[in-house]
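Q: Those letters in the sequence shown? Residues 1 to 369, by UniProt numbering.
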Amino acid sequence: MLIIDDDESIHVLISHKLRKFGYSAHSVLSIQDAESYLQEYSPDLIFLDYHMPGGSGLLFLEHFRLHDKFTPVVMITADSSRELPIQGLREGLNDFLRKPFDTETLLLTAERALAQAAVNRQHVARLAAERSNQLKSIFFAAFSHDIRTPLQSIMGFADMIMRDVGNTPKEHARRIHEAGKSLIEIVNNILDFSKLESGRLDYEPEMQPLIDTLLIVQDHLEPLLQEKNLHFEMSCSDAIEAEYDDGAIRRVIVNLLGNAIKFSPSGGIIQIACQQTVEGVRLEVRDQGPGVAEENHKLIFDLYGQVQQSIAAGGNSSGLGLAICKKIVEDHGGAIWVKNRANGPGSIFALEIPYRFSPPENHPSEWGL
1 MLIIDDDESI HVLISHKLRK FGYSAHSVLS IQDAESYLQE YSPDLIFLDY HMPGGSGLLF
61 LEHFRLHDKF TPVVMITADS SRELPIQGLR EGLNDFLRKP FDTETLLLTA ERALAQAAVN
121 RQHVARLAAE RSNQLKSIFF AAFSHDIRTP LQSIMGFADM IMRDVGNTPK EHARRIHEAG
181 KSLIEIVNNI LDFSKLESGR LDYEPEMQPL IDTLLIVQDH LEPLLQEKNL HFEMSCSDAI
241 EAEYDDGAIR RVIVNLLGNA IKFSPSGGII QIACQQTVEG VRLEVRDQGP GVAEENHKLI
301 FDLYGQVQQS IAAGGNSSGL GLAICKKIVE DHGGAIWVKN RANGPGSIFA LEIPYRFSPP
361 ENHPSEWGL
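1. Can the beta-carbon of residue 257 be found closer than 7 angstroms to that of residue 285?
2. Just to confirm, is the Cβ distance from residue 252 to residue 328 under 7 angstroms?
3. Quick check on the DSSP output: what are the complete beta strand (DSSP E) runs of length 3 or more inside the stretch 33-72, in order along the chain?
4. Out of 39, 244, 268 and 348, state which residue places its alpha-carbon closest to the alpha-carbon of residue 359.
5. Where does the unbroken beta strand (DSSP E) through residue 339 begin, and where does it stop?
6. Below 7 angstroms between beta carbons: does that hold for residue 186 and residue 172?
7. Comparing alpha-carbon positions, which option in 263, 250, 81 and 209 lies nearest residue 225?
8. Note down, one range per segment and in chain order, each beta strand (DSSP E) of at least 3 residues found wholly within the stretch 254-278.
9. So, is residue 352 buried or exposed, given that buried needs 16 or more other C-beta atoms within 10 angstroms?
10. Quickly, what does DSSP pair residue 234 with across the bridge? List them, please.
11. Counting only the same chain and skipping the five closest in sequence on each side, list residues whose C-beta sits under 6 angstroms from that of residue 34.
12. Between the C-alpha atoms of residue 183 and residue 74, what's the straight-line distance to the nearest angstrom?
13. Confirm, please, whether the CB-CB distance from residue 52 to residue 76 is below 7 angstroms.
14. Check whether the Cβ atoms of residue 43 and residue 106 sit closer than 7 angstroms, and answer yes or no.
15. Using the Cα positions of residue 325 and residue 276, report the straight-line distance between them to the nearest angstrom.
16. Report buried or exposed for residue 278, applying the criterion of at least 16 other Cβ atoms within 10 angstroms of its Cβ.
17. Could you check the C-alpha separation between residue 49 and residue 104 for me, to the nearest Å?
18. Among all the DSSP beta bridges, which residues are the ones paired with residue 98?
19. Once you ignore the five residues that flank residue 15 on each side, which residues in its own chain have a CB closer than 6 angstroms to its CB?
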C-alpha cells in the first residue's frame, strides 16, 4: 500500500495499524515523491491526504486516473463538507477515511476498497473476454465470406474451361489467376496480423531515405493507376530519412495508396507528400474519393470496427488492411490517422514515425489468443 500525506504522524499511525493485520505500506510526504514512486511501483491501495503541499489530493487523483483506472484510492480528510465526496467520486475516488479514525474503521475502509477494486477488475476482464470471443466469431464469419467469393470464381471459370463455354480458355485462366491472388492476399493478411499481434514478426530497421521506398511503391502500383487513368503526384525530398523496416512500411504505403486508387474516380488525382518533422517523418496520401465520415475516423483503424463495417457493407475484405497498417506504424513508435480534405471531396491518410525506430513495450493481443 502507499500512503501519501505530509503529516508523518499519519504515516506512523496507518502503517502501525495495518501491520497488525499483515499489510505493509510505503510512505511519501509529497505529491512529487508519490509520482516518482508510482513510476516504478504499483501499490494495491493508495491512502491520499486531501490537503497536500504542491497540489491538492483531488488534482493528483485526476491525473492519476488518466492512466490507472483500477488501483483503489482512499482519501484521508478532516473536511466534513458535502461537496467533497461528490467531487471525489467524480474524479474516481473509492472511499473516504475521516479524521480521526480508529483501527476498525481503517481496516474496514481498506478491505472494502480492495474488494471493490477486485470486482471492477473481474468485470473488465470478463468484458474483454466477451469482446474477444465476439470479435473472433465476427471475424471468422467475414473470413468465410471473403474466401467464398474468389473460390466461387475459381470453380466457375474452371467449369467453363472444362465445358468450353464463353470466352477463350486464356481469359478464364486469367480470371482464375486473379481470384487465386485474392485468396493468397486474404490468407497472408491473416497470417501477418497474427504474427504482429503475437510479436512474432521481426523488424529489420535501417536508416534510409523515404523516397526510395516510395519509388518502389509507385512502380508496383503503376498498372492500377493507368487502369483508372489516375494522375499521380509525389512530393518528397531525397534528404528525408528515418530508421524503419522497409518491407513493413512499404506495405503500409501500398495499402494506403491502394485504397486511394480504389476509391478515387477515374481521371482523378492522387497525391503523396512527406516532410521531416521535429521528431521524425510524416507522410500523407491524399485522394479524391468520397471521404470518411468523421465518426469513423478512429473506427476504420480498429480491428473490431473494421470487421463489423465490412460485414455490414457486404464488402469483400475482412477489414485487416488498415488494422495491420496501424499495428506496423505503432510498432515503429509512430501514429496513423485520417482526416477529410478541407476543399472538395476526398481523404488524407497520414502517418508519422520517429527518426529512430522506437518500438513500444509489448501489450496483450486484442484477440486474446
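Note that CB positions come from ideal geometry on N, CA and C, so glycine has one too.
A: Taking the definition as stated:
1. Reading the sequence shown from its first residue, position 257 is the one you call residue 257. Reading the sequence shown from its first residue, position 285 is the one you call residue 285. The beta carbons of residue 257 and residue 285 sit closer together than 7 angstroms.
2. As a first step, residue 252 must be located in the sequence shown, where it is residue number 252. As a first step, residue 328 must be located in the sequence shown, where it is residue number 328. In contact: residue 252 and residue 328 (Cβ atoms closer than 7 angstroms).
3. Segments of the beta strand (DSSP E) lying fully in the stretch 33-72: 46-49.
4. Within the sequence shown, residue 359 is the residue found at index 359, counting from 1. Of 39, 244, 268 and 348, the residue nearest in Cα terms is 244.
5. Residue numbering aside, residue 339 sits at position 339 when the sequence shown is read from its first letter. Its beta strand (DSSP E) spans residues 335-340.
6. As a position in the sequence shown, residue 186 is number 186, starting the count at 1. As a position in the sequence shown, residue 172 is number 172, starting the count at 1. No, these two residues do not count as a Cβ contact at 7 angstroms.
7. Here the question's residue 225 lines up with position 225 in the sequence shown. Per the C-alpha coordinates, the member of 263, 250, 81 and 209 positioned closest to residue 225 is 263.
8. Within the stretch 254-278, the complete beta strand (DSSP E) runs of at least 3 residues are 269-276.
9. Within the sequence shown, numbered from 1, the residue matching residue 352 stands at position 352. Burial is judged here by how many other beta carbons sit within 10 angstroms of a residue's own beta carbon; residue 352 has at least 16 and is buried.
10. By 1-based counting over the sequence shown, the position of residue 234 is 234. 272, per the DSSP bridge assignment.
11. Within the sequence shown, residue 34 is the residue found at index 34, counting from 1. Only 4 and 28 meet the Cβ criterion.
12. The residue labelled residue 183 in the question sits at position 183 within the sequence shown. The residue labelled residue 74 in the question sits at position 74 within the sequence shown. If I take the Cα positions, the gap works out to 56 angstroms.
13. Within the sequence shown, the letter at position 76 stands for residue 76. Within the sequence shown, the letter at position 52 stands for residue 52. The answer is no: Cβ separation not under 7 angstroms.
14. As a first step, residue 43 is located in the sequence shown; it is residue number 43 there, counting from the start. As a first step, residue 106 is located in the sequence shown; it is residue number 106 there, counting from the start. No. Outside cutoff.
15. Here residue 325 refers to the residue found at position 325 when the sequence shown is read from its first residue. Here residue 276 refers to the residue found at position 276 when the sequence shown is read from its first residue. Whole-angstrom Cα-Cα distance: 20 angstroms.
16. In the sequence shown, counting from the first residue as 1, residue 278 sits at position 278. Under this definition residue 278 is an exposed residue.
17. Walking along the sequence shown from the start, residue 49 turns up at place 49. Walking along the sequence shown from the start, residue 104 turns up at place 104. In a straight line, the C-alpha of residue 49 is about 19 angstroms away from that of residue 104.
18. Sequence index remark: in the sequence shown, residue 98 carries index 98 (1-based). Beta-bridge pairing links residue 98 to 77.
19. As a working note, residue 15 is residue 15 in the sequence shown. Cβ neighbours of residue 15 beyond the five flanking positions: 25.
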